[in-house]
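A.B. asks: Let me begin by handing over the structure; questions about it come next.
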Amino acid sequence: MKPISKQSGIALITALFIFALVTIAAVAMADRQNLDIRRTENMLHYDQAYMFVLGMEKFAATVLVEGDPDKEVDHLEEEFLKTPVAQEVEGGTISGFIRDATARFPINNLVNANGEKQDAYVAAFQRFVDFMTSGNRCGEQGGFNPDLANVVLDWIDKDEQVAVGGAEDMEYLNKERPYRAANQSMASISELRALNNVIAEEYNCFVGDGQNPPLVNTIDDHEVAINVNTAPAEVLLSIHPKIDDKILQVLIEGRGEEGYKDTDAFKKVIRDELAFDMQDPEQQRESVQFEEELGKIKLSVGSQYFEVTANAQIGRMEVTMISLLKRDGNKVTTVQRSLGVY
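Each residue of the sequence shown is one higher than the one before, starting from 631 at the first, in the working numbering.
So this is what it looks like as structure tokens:
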């Protein structure tokens, strides 16, 4: 038997090396092809999911017009406010729900359209903060910053004067990553995370979760009113300093299944509970002051602004969109959209 020559050994090694290279290239090409297929599939599924959430927004707009015969009054027993939608579609599921955005405290109303402080709203928001702080409702770290009202005021007002406990440009410019106060209306609740000394627990209380809706809105409309038929206890207590837990309970019970028909009916409940003695000069003055203070906070029994949360899951892709819709008679327009977060 002839021994294998050196040339034959080199040829064999070369052949094996080429075979290995071809195999590696083929495997790499197959992996790349699979990755491209997966990427293309994900892109198609994302586009599908996005179109579905847009469709849910459009459906919600139709419901707000056609599914609400009495647009002057909106309350918690409205079918479209209490019934979420969920449906299976080809390749996944879609779901969504509508919430009344004017049930929340209008945080941008701390200033007027000219960016000037509105004392009544600052005082009301301070009551809101005090209520949240006293109940330690925002985690175990002591609740809300007691100066939060002034921190928010300084963020959205147009001047550079620092309110007590507030913060203007110099405070923010001295941070490790400097930035300036907005000095204009908030565009999103998420801006709260940029405010001085706002911790995660406070922010989470503001934005709520799947079960509890946000407690404030950032609607850029200084004429927006609080809907007393849908507002939670925290917001109702902030409306006037004379509203205590006892009056709050009566107000909530007074909404019944169909809500208050007008704001006068809501205010009458408070007056009846306070029972001012109009023969007493001191109580007469208190009554006048009560009416003046209550008149400075815009209230309503119906809503113009609604928040739609739509979710679509197609294949491995999931899209959540939060839309702010404005209803004006039979016309609904999209004011704002955000993906995934507020």
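Glycine included, C-beta positions come from ideal geometry on N, C-alpha and C.
Just so we're clear, the structure is a prediction, and the values are computed from it rather than from any experiment.
Kindly indicate the opening and closing residues of the beta strand (DSSP E) around N941.
C.D. replies: It spans 935-944 - the beta strand (DSSP E) in which N941 sits, taken as one unbroken run.
A.B. asks: Where does S868 fall in DSSP's three states?
C.D. replies: In the structure shown, S868 sits in a helix (DSSP, three-state: H, G or I).
A.B. asks: Along the chain, where does the beta strand (DSSP E) containing D851 start, and where does it finish?
C.D. replies: Neither: D851 is in no beta strand (DSSP E) and is coded neither H nor E.
A.B. asks: In terms of residue numbering, what span does the beta strand (DSSP E) encompassing F906 cover?
C.D. replies: Where F906 is concerned, there is no enclosing beta strand (DSSP E), given that its DSSP letter is neither H nor E.
A.B. asks: Note down, in chain order, each residue of its chain lying with its Cβ closer than 7 Å to the Cβ of E801, except the 5 sequence neighbours on either side.
C.D. replies: Taken in chain order, the residues that qualify are N826.
A.B. asks: Roughly how many whole angstroms lie between the Cα atoms of T860 and I667?
C.D. replies: So the two alpha carbons sit approximately 48 Å from each other.
A.B. asks: Considering only residues of the stretch 680-737, which uninterrupted beta strand (DSSP E) runs meet the minimum length of 3 residues and lie entirely inside it, listed in chain order?
C.D. replies: Segments of the beta strand (DSSP E) lying fully in the stretch 680-737: 715-719, 722-730.
A.B. asks: Cα-Cα, which of Q814, L646, F896 is closest to V741?
C.D. replies: V741 has its Cα closest to that of Q814, out of Q814, L646, F896.
A.B. asks: Among N672, V695, V657, which residue has its Cα nearest to the Cα of L955?
C.D. replies: The option with the nearest alpha carbon to L955 is V695.
A.B. asks: Does DSSP put T963 in a helix, in a strand, or in coil?
C.D. replies: Three-state DSSP puts T963 in a strand.
A.B. asks: Please state whether DSSP places E801 in a helix, a strand or coil.
C.D. replies: Three-state result, E801: helix.
A.B. asks: Measuring straight from C-alpha to C-alpha, what distance separates A942 and E887?
C.D. replies: Computed Cα separation, rounded: 32 Å.
A.B. asks: In or out: L803 buried (at least 16 other Cβ within 10 Å) or exposed?
C.D. replies: The residue is exposed, with fewer than 16 neighbouring Cβ atoms inside 10 Å.
A.B. asks: Using the Cα positions of F778 and N739, report the straight-line distance between them to the nearest angstrom.
C.D. replies: According to the sequence shown, residue 778 is Leu rather than Phe. Taking the straight line from one Cα to the other gives about 15 Å.
A.B. asks: Determine the extent of the alpha helix (DSSP H) in which R957 is found, giving its start and end residues.
C.D. replies: Run containing R957: none in the alpha helix (DSSP H); it sits in the beta strand (DSSP E), 947-958.
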